[in-house]
Amino acid sequence: MNSNKSTECNIICRLWEKLKKPSLRYSLGALLAVGFVAGIIFWGGFNTAMEMTNTEEFCISCHEMRDNVYEEYKQTIHYTNRTGVRATCPDCHVPKEWQHKIVRKIKASNELLHKALGTIDTREKFEAKRLELAGNVWKAMKKTDSRECRNCHDFEFMDFGEQGRRAVSQHSTALDEDKTCIDCHKGIAHELPDMHSIDPTGVIGSN
Amino acid sequence: MINKLSIIASITLGVLAVTTSLQTHSAEVESLRGASELDRNSSAPEHKRYAKDGRPIARDYVQQPPLIPHKIDNYRINLKSNKCLSCHSWKNYREAGATKISQTHFEDRDKHVLANVSARRYFCTQCHVPQVNAPALVENEFEPITAISGE
Chain L
5 MNSNKSTECN IICRLWEKLK KPSLRYSLGA LLAVGFVAGI IFWGGFNTAM
55 EMTNTEEFCI SCHEMRDNVY EEYKQTIHYT NRTGVRATCP DCHVPKEWQH
105 KIVRKIKASN ELLHKALGTI DTREKFEAKR LELAGNVWKA MKKTDSRECR
155 NCHDFEFMDF GEQGRRAVSQ HSTALDEDKT CIDCHKGIAH ELPDMHSIDP
205 TGVIGSN
Chain B
2 MINKLSIIAS ITLGVLAVTT SLQTHSAEVE SLRGASELDR NSSAPEHKRY
52 AKDGRPIARD YVQQPPLIPH KIDNYRINLK SNKCLSCHSW KNYREAGATK
102 ISQTHFEDRD KHVLANVSAR RYFCTQCHVP QVNAPALVEN EFEPITAISG
152 E
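These protein sequences, in sequence, are chains L and B. What the first sequence shows, in the working numbering, is residues 5 to 211, in sequence order. What the second sequence shows, in the working numbering, is residues 2 to 152, in sequence order.
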């Protein structure tokens, strides 16, 4: 049985046999040079392709994003404001550092699956899922200490003297209590889900 | 025949009266914000700004709903959430350092006390409004009574 397998080598095993042997035809230098250039092309191409998925145009190329969260975001300060500085979808939803970014991009394969399944392909389905989806983002931001917010909004560089009364008192106590941005700033870029399960005293209806 | 004539005459008179009155009034429209020519684009009024953040504003009369002393841009009040209550509810006001909503807000119209904010008091901005830096359109000499102003 065993000898039979080694003699009738399939294509993968033949390729492996070939790869195992040292090259007799090409110099080590040539192999290294070709490998180096091919590496640059592969790596550059990989990152370019990944960055192409990191744009607002890419995000709203799906109607799920364009008709729901994007429309809501267009009403907020991160879309339009006094100075015209914007935070687009990936600025808040994709980490900047490579190692975190690649993890997020791998996790996004789940979003592709649900795109194919049509999990939120109507407004009604999206509304029904909103609490769960928002909860996922809140949980992630809490876990990373609102890392994506802090790419722009850093406590270290906040001038409390320029802030309003409420902001000063809230931000200074937040610093002491190790709070993170998302603890208070929920629903700033998209509509909130039904908050009944989060804070029943904050919504109409009996407790 | 006489009847028909009188009808025609009254219609012509009526049309004449309307056109002359339109002519006299088409020149300009007077309002508290000044006169504006109807056949020209009026210049946009200066954009008013909401006061960003301040101390509570004193009431001017006994039943006055307190004014909102801060900006409320993009604060949503709907069946899913109420941004005001995230600071002003009885559960949250201490932590937020905000004024708590009045006890009356838990009563329905028959004065039955409910377990949460009453539906008729839920939409805060029906009564409570923020302020802009606009001068009063009409001069008035209203003074709050001493019991309120303390003066």
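Glycine is no exception: its CB is placed at the ideal position from the N, C-alpha and C atoms.
query: At the 8 Å Cβ level, is S176 (chain L) part of the contact set with chain B, yes or no?; result: no
query: How is I58 (chain B) classed by DSSP in three states: helix, strand or coil?; result: coil
query: If you draw a straight line from the C-alpha of T148 (chain L) to the C-alpha of T92 (chain L), how long is it?; result: 19 Å
query: Looking at the structure shown, is N83 (chain B) part of a helix, part of a strand, or coil, going by DSSP?; result: strand
query: Would you mind reading off the limits of the alpha helix (DSSP H) that contains V41 (chain L)?; result: L32 to M56
query: Check distances from the C-beta atoms of the segment 119-147 of chain B to those of chain L and list, in chain order, the residues that come in under 7 Å.; result: A120 and Y123
query: Strictly below 9 Å CB to CB, what residues from chain L border L158 (chain B)?; result: Since the first residue of chain B shown is 2 and the last is 152, residue 158 (chain B) is not available in this structure.
query: What is the C-beta distance between I69 (chain B) and V130 (chain B), in whole angstroms, given that I count them as a contact (C-beta under 8 Å)?; result: 6 Å
query: Considering just the uninterrupted stretch of the alpha helix (DSSP H) at V141 (chain L), what are its terminal residues?; result: R127 to K147
query: Restricting to Cα atoms, I'd like to know which of B:E152, B:A116, B:G151 and B:L138 is closest to T206 (chain L).; result: Looking at the sequence itself, residue 206 (chain L) is Gly, so the reference to Thr does not match. Considering only alpha carbons, the answer is B:A116.
query: Output yes if chain B places a C-beta closer than 8 Å to the C-beta of V207 (chain L); else output no.; result: yes
query: Can you give me the start and stop residues for the alpha helix (DSSP H) that S43 (chain B) sits inside?; result: S43 (chain B) -> no alpha helix (DSSP H), and no H or E assigned at all.
query: Taking the alpha carbon of R127 (chain L) as the point to measure from, which residue in L:R70, L:I208 and L:N85 has its own alpha carbon closest?; result: L:R70
query: Quick check: is the beta carbon of P197 (chain L) nearer than 8 Å to any beta carbon in chain B?; result: yes
query: Could you pull the start and end residues of the beta strand (DSSP E) that S173 (chain L) belongs to?; result: S173 (chain L) -> not in any beta strand (DSSP E); alpha helix (DSSP H) instead, spanning R169 to D180.
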